[in-house]
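Colleague:
In UniProt numbering, the protein residues as written are 1 to 762.
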């Protein structure tokens with residue numbers, strides 16, 4: 001213990017020195033101003049680098065070093081969250097990053113295959129103090145005495161971790177990664193890797209550690225393109241949010257489906273059958289039909305007055321213009337220019353015809369039957385007429401009515417708020433019925449309704465089909481110019497105040513070399529100093545850019561995503577570099593997947609890889625036995641994951657009217673752990689009141705985004721997905737099963753959230 005404490009203290013001393021150096025360098029960079037554009041760009045890059053470095057060094061404070069490998073020959077190797085080297089001693093490693101190849105035996109070595117390691121030591125610490133050591137002797141001669149019953153690496157450390165009290169935050173598994181998890185974490189970057197695993201197999205932890213590993217091994221590529229992690233809901237993202245920083249990775253985007261369309265945070269609620277309709281692949285054609293419906297023909301001719309002449313925008317003119325625009329193959333907003341040009345050309349032709357032709361143009365002496373010159377008006381005259389038409393408010397209003405410029409938000413708001421538009425969009429151009437009349441009518445909602453997660457893929461699809469508004473980029477530039485001019489004006493005002501408030505008259509002063517702020521700064525440089533100057537990382541830029549192509553995407557609880565959601569994600573991953581984590585048996589969403597092949601075959605055919613996690617580290621065998629009965633009803637051929645531990649406490653069965661007494665008993669045994677009451681969504685609010693009454697001294701979390709750090713949480717099965725608690729009370733399992741078409745899957749989720757105790761109240 002003393003020897004390990006001495007080494008750990010030295011590592012923390014080195015960490016403190018690294019942090020102090022980063023702070024010093026950041027301060028130096030921030031003090032510098034001005035310079036060439038290249039110098040400013042380099043300075044901003046350095047600021048970003050040192051800021052990220054400080055964040056990483058602070059995040060690895062807890063559990064900095066957690067392991068040691070003693071090779072058959074050579075010095076011990078210490079394993080930790082980051083790499084630390086002896087810069088004064090030939091750069092020898094003082095601490096190996098857990099992701100480095102030399103660290104891998106820490107996770108893979110066994111007594112049967114020690115990989116050149118004779119002993120593996122797990123070092124447990126609290127703060128900066130070593131509190132426990134667990135040694136595993138891996139020599140073959142000692143294998144019989146040291147092999148554990150499950151073939152687990154670091155069994156003592158693993159069981160200590162899974163038996164520990166929950167805190168409301170997911171913890172990393174960097175100290176206890178097992179062989180089947182390690183193979184997935186270190187798999188190649190390219191292609192789609194599907195990780196199928198039942199409850200308690202560590203799917204989420206594996207996905208997050210894979211993100212950290214890929215960023216370590218492909219830093220140059222992924223730091224410029226960013227990594228995206230998609231989770232099922234905001235509560236889940238808060239639950240896992242500490243994991244990646246604890247692994248020294250702070251530049252990863254954590255989003256829900258509702259965050260995937262920039263500028264919109266979709267948190268609204270809607271019936272799951274409505275979300276299921278929106279998630280169908282047929283919605284691609286529904287949106288195409290909705291857009292086509294906005295390219296209208298006038299019911300009555302539209303008249304335009306120009307130079308005291310009346311021009312007519314009639315059905316034939318608009319129909320021809322619309323056909324030309326559609327044949328261009330451009331998205332709606334870009335094809336609008338083709339449409340507008342065609343309509344305007346028709347109006348110019350009308351004006352030319354009204355003015356007439358010159359009957360003597362080809363026969364100046366009037367001696368024959370000359371046809372006259374149809375081009376009485378020259379090109380300049382036609383251009384003038386066109387310019388007048390382009391500027392005419394009546395013409396612009398007609399074009400906006402017949403082929404309106406549309407944003408995705410406007411398209412969807414006006415579609416879903418109009419039963420007539422929905423009825424028109426439910427049938428494709430070839431007459432195919434895309435939605436039934438009842439389904440189309442069910443999508444109707446108020447025009448100002450909140451965006452829901454199922455709307456995000458539709459907004460993205462609409463953006464693809466509509467295209468950018470032509471003047472959007474110009475508008476952004478004009479806004480930037482206005483901001484810059486405002487900053488410059490503010491700087492000039494500040495300098496004027498500085499001049500006017502000078503306490504001396506420099507011209508009369510004996511020391512003419514005395515410098516004032518106005519001698520050192522002009523308005524432009526002062527404006528630069530005041531400029532907010534966004535120093536954006538790749539992840540931050542990706543968050544603002546709908547068309548961003550991520551270097552890698554990780555999807556957790558992937559079985560819940562609809563076909564439309566997958567369509568969106570595939571656009572974000574043109575390289576098809578993805579890690580997809582889930583369990584088909586836990587699919588609860590009606591729009592979710594029933595087989596991985598139906599998700600990926602349309603995009604990568606059979607070129608996706610499947611890896612399976614088969615060991616349940618979280619759920620005790622007694623609890624898994626009960627959950628296995630539900631799994632057999634879902635899929636008789638499915639095999640539940642094998643639990644590595646038993647608590648000796650079988651699930652308790654009772655009645656819902658015993659909730660108060662059950663909660664009192666659970667609270668007495670809870671200590672500083674976490675308890676969840678999982679119930680049908682329709683009963684959560686009512687049961688929350690009962691829970692508060694039964695446990696008046698404990699904070700109870702409930703609602704759309706419950707605080708999982710509270711000792712007690714009341715959740716629906718969908719909210720509990722991906723979470724874990726020391727004790728779980730499942731209230732009204734029959735209600736959970738009956739609540740949705742995939743209620744059995746939801747019940748399976750509810751029964752597998754406990755790490756210690758499960759009570760089921762019917």
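Note that beta-carbon positions come from the ideal geometry of N, C-alpha and C, so glycine has one too.
#1: Mapping the DSSP letters down to three states, classify residue 774 as helix, strand or coil.
#2: If we count Cβ pairs, one from each stretch, closer than 8 Å, do we get three or more for the region 318-336 versus the region 598-611?
#3: Thinking residue 778 and residue 128 are a contact (beta carbons under 8 Å), I'd like their distance in whole angstroms, please.
#4: Can you list, in chain order, the residues of its chain whose CB lies under 6 Å from that of residue 154, leaving out five sequence neighbours each side?
#5: From residue 453 to residue 268, what distance separates their C-alpha atoms?
#6: Could you say if the region 194-206 and the region 608-618 meet the contact criterion of at least three C-beta pairs nearer than 8 Å?
#7: Our contact map puts residue 286 next to residue 298 with C-beta atoms below 8 Å; I'd like the distance itself, whole angstroms only.
#8: Smallest Cα separation from residue 563: which of 595, 430, 552?
#9: Would you mind working out which of 741, 664, 469 sits nearest residue 694, comparing C-alpha positions?
#10: Between which residues of its own chain and residue 157 is the CB-CB distance below 8 Å, once the five residues before and five after are set aside?
#11: Let me check one thing: in DSSP terms, what residues is residue 255 bridge-paired to?
#12: Using a Cβ-Cβ cutoff of less than 7 Å, which residues in the same chain neighbour residue 449 once the five nearest sequence positions on both sides are dropped?
#13: Evaluate contact between the region 269-280 and the region 578-595, counting only Cβ atoms and requiring at least three cross-stretch pairs below 8 Å.
#14: Return the chain-ordered list of same chain residues with a C-beta closer than 6 Å to the C-beta of residue 237, the five sequence neighbours on each side being excluded.
#15: Would you list the residues sitting across from residue 36 in a DSSP beta bridge?
#16: Tell me whether residue 746 is buried or exposed, calling it buried when 16 or more other Cβ atoms sit within 10 Å of its Cβ.
#17: DSSP state of residue 92, grouped into three classes?
#18: Tell me the rounded alpha-carbon separation between residue 4 and residue 626.
#19: Please look up how many angstroms separate the CB atoms of residue 207 and residue 556, rounded, as I've assumed it's under 8 Å.
#20: Measure from the alpha carbon of residue 61 to the alpha carbon of each residue in 16, 50, 26, then state which is nearest.
#21: In this structure, how does DSSP classify residue 363 when only helix, strand and coil are distinguished?
#22: If contact is defined by three or more beta carbon pairs under 8 Å, each pair taking one atom from either stretch, is the region 570-581 in contact with the region 539-557?
#23: What are the residues that DSSP puts in a beta bridge with residue 774?
#24: Helix, strand or coil for residue 79, going by three-state DSSP, please let me know.
#25: Could you say which of 431, 340, 428 lies nearest to residue 391 if we only look at CA atoms?
#26: Quick check: the Cα distance between residue 422 and residue 651, rounded to an integer number of angstroms?
#27: Does the distance from the CB of residue 678 to the CB of residue 757 come in under 8 Å?
#28: On a Cα-Cα basis, can you pick out the residue from 229, 250, 234 that is closest to residue 216?
#29: How would you write the range of the beta strand (DSSP E) that residue 760 sits in, first residue to last?
#30: Going by C-alpha to C-alpha distance, which of 57, 39, 131, 680 sits closest to residue 720?
#31: Go ahead and pull the three-state DSSP assignment for residue 730.
#32: Exposed or buried, which one is residue 726 when buried takes at least 16 other CB atoms within 10 Å?
#33: State the beta-bridge partners of residue 67 as determined by DSSP.
#34: Run the CB neighbour count on residue 107, radius 10 Å, all protein chains shown included, and call it buried at 16 or more, exposed below.
#35: Exposed or buried, residue 79, counting other C-beta atoms within 10 Å across all chains shown (16 or more means buried)?
#36: Grab the span of the beta strand (DSSP E) containing residue 132 for me, first residue to last.
Modeller: According to the structure data:
#1: Because the chain in this structure spans residues 1 to 762, residue 774 falls outside the shown range and cannot be described.
#2: They do not touch, by the three-pair rule.
#3: Residue numbering for the chain in the displayed model covers 1 to 762; residue 778 lies beyond these limits and cannot be assessed.
#4: 122, 176
#5: 7 Å
#6: Contact holds: three or more Cβ-Cβ distances are below 8 Å.
#7: So it is not a contact: roughly 25 Å between Cβ atoms.
#8: 595
#9: 664
#10: 122, 124, 134, 175, 176.
#11: 230
#12: 268
#13: yes
#14: 231, 254
#15: Bridge partners of residue 36: none, in fact.
#16: buried
#17: When DSSP states are grouped into helix, strand and coil, residue 92 belongs to the strand group.
#18: A straight-line Cα-Cα distance of about 44 Å links residue 4 and residue 626.
#19: 5 Å
#20: Comparing alpha-carbon positions, the option among 16, 50, 26 lying closest to residue 61 turns out to be 16.
#21: Interpretation of residue 363 is limited by its pLDDT of 47, a score under 50 that renders its predicted location unreliable; the figure taken from the coordinates is listed afterwards. Coil, per DSSP.
#22: yes
#23: Residue 774 is absent from the structure shown; the chain starts at 1 and stops at 762.
#24: strand
#25: 340
#26: 50 Å
#27: Their beta carbons are not under 8 Å apart, which means residue 678 does not touch residue 757 by this criterion.
#28: 250
#29: Bounds of the beta strand (DSSP E) holding residue 760 are 754-761.
#30: 680
#31: strand
#32: Buried: at least 16 other Cβ atoms inside 10 Å.
#33: 79, 122
#34: buried
#35: buried
#36: 129-137
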